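Let me begin by presenting the structure, written as structure tokens, before commenting on it.
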Amino acid sequence: MRIALCNEVIADMPLERQCDYAASLGYDGLEVAPFTLSDTPERITSVQAAKIRTTIESFGLAVTGLHWLLVKPEGLSLTDPDASVRARTIEVMTRLTGLCAELGGHVLVHGSPKQRQIAAGETHATALGRLRDALAQIALVAARTGVTYCIEPLSKRETELVNTVAEGAELVRSIDHPNLRTMIDCSAAGLAESESVAALIDRWLPTGLVAHIQVNDPNRRGPGQGEMQFAPILAALKRNRYAGTIAVEPFDYVPDGAGVAAFSVGYLRGLLDASA
């Protein structure tokens, strides 16, 4: 298992400093939030992407994937009643899927709760249908670029669409494309699921429908900074021979971004070493 840092945690640093710091802490890679690279990340050219990849890899790191895909540019939505807004959003998703491959990443995590809300006067079924249609289109793009696109279950605090791994898996199955999967975010799972994250891993990882893991506490801090126990989670991943990346994605940075990045990887490495 590789450990990646979601780079917005230290986005106050220039990219070179992010890489130097993450590498010095023992991270294997960065999971990149495109909005940290540009206010218009869909306009990043292949030449620019190559330079970004070279910079990151020069520090011995890899881009493991992308997440927080639709923060910028503003005005995006896959569930908006306006078909032109949805079309524009799919255009951005298409370019970001290609960007992921150009940066050397393998997984895109589609959280973006504000861009998949149920519009006023719309039904859950209508919004879910629009989300399904968009994901079916982007799965084809992911196949062409050789990456996996994951729909992220999020708690109802953030969105009414796709709150549990079961709902994510049902959506993936309904589209039935090998480049579309779901994933587990520990913080969201701790808020939305009726069983433990370890039990979710044991249930869903063998199905092949879960392609990625993000580690964070339901209190939105880093792993080990709250009540969630991560030793059973890592044990379940090992038990199920998970060979992907676990990405550190806190939202509440205590004491600060650099501090939570350091604490999180130390905590996870300690648990992995203890179980070796």
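The opening position of the sequence shown corresponds to residue 951 in my numbering, with each subsequent residue numbered one higher. Idealized CB from N, CA, C, for every residue including glycine. These numbers come from a predicted model, not from an experiment.
Discussion item. For H1017, list the residues DSSP reports as bridge partners.
Written reply: DSSP output for H1017 lists V1059 as bridge partner(s).
On the three-pair Cβ rule with 8 Å, is the region 980-998 touching the region 1062-1080? Short answer: they don't touch.
Output yes or no for whether 7 Å exceeds the beta carbon distance between I1196 and I960.
Contact flag unset, no.
Taking just the CA atoms, how far does T1073 sit from H1056? Each residue's alpha carbon lies about 34 Å from the other.
Considering only C-alpha positions, which residue in the set N1169, G979 and L1150 is nearest to T1187? In the sequence as displayed, the identity of residue 1187 is Leu instead of Thr. Selected option, being the one with the closest Cα: L1150.
Nearest-angstrom Cβ-Cβ length linking L1121 and V1112, presumed shorter than 8 Å
Distance from L1121 to V1112 at the Cβ level is roughly 6 Å; contact confirmed, criterion being Cβ atoms closer than 8 Å.
### Contact set for E1052: own chain, Cβ-Cβ below 8 Å, skip 5 residues either direction
Around E1052, the same chain offers S996, A999, A1000 and R1003 as residues with beta carbons nearer than 8 Å, after the five sequence neighbours per side are excluded.
Query - Proximity to E1177 [Cα-Cα], best of R1219, C1136, L1028 and A1084 - result: Among R1219, C1136, L1028 and A1084, the Cα nearest to that of E1177 belongs to C1136.
Which runs of the beta strand (DSSP E) fall wholly inside the region 1135-1186 and span at least 3 residues, in chain order?
Qualifying beta strand (DSSP E) stretches, in chain order: 1160-1165.
Please state whether the Cβ-Cβ distance between F1213 and G1172 is less than 7 Å.
Cβ distance < 7 Å, so F1213 and G1172 count as in contact.
Query - Span of the alpha helix (DSSP H), counted from its first residue to its last, around A954 - result: Per DSSP, A954 lies in no alpha helix (DSSP H); the unbroken beta strand (DSSP E) holding it starts and ends at R952 to C956.
- Query: Do you know whose CA, among P1182, V1204 and E1199, lies nearest S1225's CA?
  - Reply: Measuring C-alpha to C-alpha distances from S1225 to each of P1182, V1204 and E1199 identifies P1182 as the nearest.
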